[in-house]
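K.L.:
What follows is a structure written as structure tokens; I'll ask about it next.
Numbering (the working numbering), first residue to last: 31 to 321.
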């Protein structure tokens, strides 16, 4: 498609003062009929990169097969990686109650101050349990082939709903070993805590049981993350295609590049011939059906 626009100052390298004769702009076209113009042939009115979100959305809808394939491929890759390269971990836990009085001490009632103090002592007890002194005794009593630092890496702790209870979790690839280490901590921790913190005691509420299902990894979560990553990569790829496409497809694209008014356009005769051939073929089919 060729478009006419007024050329006010220069035409073909020769200055034309006071002349407003139209100049025909015919950029080079590719085999598909689209127009290509490099930077030397394009006079941009501004350096601001504008993105038409509606056009980008339509382009993404036209490329929905590519986006869907990327999402499915990323999901499958994520599941394969999870199944073959991530070691499943099992988690066992013990629950410990913190008391602000000595063991076997008779109390008539528990005041709010005692409860508040017990809640504040939870963090102290947790740090004592994670200390090398306690964990080395855990390793010794349970006859484990791990160091105190390795046991600490397996261990996580959490207070139960801001109460005087807290849980100690042990994560391990072997579910039986996870339960064994957790119960060893429950055996050693109360005596060590009473020795370090005077006037307090602890009680084991729940001992560890052998877990029957893995704690990590989550196939559902990893599949969702892989699918989201595939969708994101596909959309980024389509966006880059949109930004790198410098072809002029219609008069709107041309007016955005040149600060000149549109005077007219020459229709594509090849496209008209194709439409005419299609109409003739349709009419021929209709006459053939009537016969």
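Each residue gets a CB set at the ideal place from its N, CA and C atoms; glycine is no exception.
Bear in mind the structure is a predicted one, so any value in this text is a computation, not a measurement.
#1: Between which residues of its own chain and residue 190 is the CB-CB distance below 8 Å, once the five residues before and five after are set aside?
#2: Got a sec, what are the start and stop residues for the beta strand (DSSP E) residue 121 sits in?
#3: Distance, Cα to Cα, residue 107 vs residue 253?
#4: Rounded to whole angstroms, what's the CA-CA distance from residue 258 to residue 283? Just pull it up for me.
#5: Determine the DSSP secondary structure at residue 265, reduced to helix, strand or coil.
#6: In three-state DSSP terms, what is residue 238?
#7: Could you check whether residue 178 and residue 211 sit closer than 8 Å to each other, using their CB atoms as the reference points?
#8: Report the partner residues of residue 188 according to the DSSP bridge assignment.
#9: Could you spell out the range, first to last residue, of the alpha helix (DSSP H) harbouring residue 108?
#10: Around the C-beta of residue 194, are 16 or more other C-beta atoms found within 10 angstroms, so that it is buried, or is it exposed?
#11: Figure out for me which residue from 273, 156 and 174 has the closest Cα to the Cα of residue 83.
#12: Here's the rule I'm using: 16 or more other beta-carbon atoms within 10 Å means buried, otherwise exposed. How should residue 278 be labelled?
#13: Just to confirm before moving on: does the CB-CB distance between residue 109 and residue 230 stay below 8 Å?
#14: In whole angstroms, what is the alpha-carbon distance linking residue 222 and residue 209?
#15: Excluding the five sequence neighbours on either side, which residues of its own chain have a C-beta within less than 7 Å of the C-beta of residue 164, listed in chain order?
#16: What does the alpha-carbon distance come out to for the pair residue 40 and residue 280?
#17: Only counting the same chain, and skipping five residues up and downstream in sequence, which positions put a Cβ closer than 8 Å to that of residue 242?
#18: Measuring alpha carbon to alpha carbon, tell me which of 271, 293 and 256 ends up nearest residue 322.
#19: If you compare alpha carbons, which of 203, 224, 245 and 115 is closest to residue 155?
#20: Would you list the residues sitting across from residue 231 in a DSSP beta bridge?
#21: So who's on the other strand from residue 246, going by DSSP bridges?
#22: Once DSSP output is grouped into helix, strand and coil, what is the label at residue 139?
P.N.:
Let me spell this out:
#1: Close CB contacts of residue 190 within its chain, under the 8 Å cut and outside five residues either way in sequence, are with 125, 196 and 197 (chain order).
#2: Residues 120-129.
#3: In this structure, the alpha-carbon of residue 107 lies about 9 Å from that of residue 253.
#4: Cα to Cα, residue 258 sits roughly 33 Å from residue 283.
#5: Residue 265 carries a helical assignment under DSSP once its states are collapsed to helix, strand and coil.
#6: Coil.
#7: Cβ distance not < 8 Å, so residue 211 and residue 178 don't count as in contact.
#8: Beta-bridge pairing links residue 188 to 197.
#9: Boundaries of the alpha helix (DSSP H) harbouring residue 108: 94-115, taken from the DSSP string.
#10: Residue 194 is buried by the Cβ-count criterion.
#11: Per the Cα distances, 273.
#12: Flag for residue 278 reads buried.
#13: Pairing residue 109 with residue 230 gives a Cβ-Cβ distance that is not under 8 Å.
#14: Looking at the backbone, the Cα of residue 222 and that of residue 209 are separated by about 20 Å.
#15: These residues qualify, in order along the chain: 158, 218, 219 and 222.
#16: Note that residue 40 scores a pLDDT of 42, beneath 50, so its modelled location is shaky; the value from the coordinates is reported in the next line. Note on geometry: alpha-carbon atoms of residue 40 and residue 280 lie some 24 Å from one another.
#17: Answer for residue 242: 205, listed in chain order.
#18: The requested residue 322 does not occur in the structure, where the chain is confined to residues 31 to 321.
#19: Checked all of 203, 224, 245 and 115; the closest Cα to residue 155 is 224.
#20: Per DSSP, 129.
#21: Residue 246 is bridged to 119.
#22: With a pLDDT of 42 at residue 139, under the threshold of 50, the modelled position of that residue is not reliable, and no figure is offered here.
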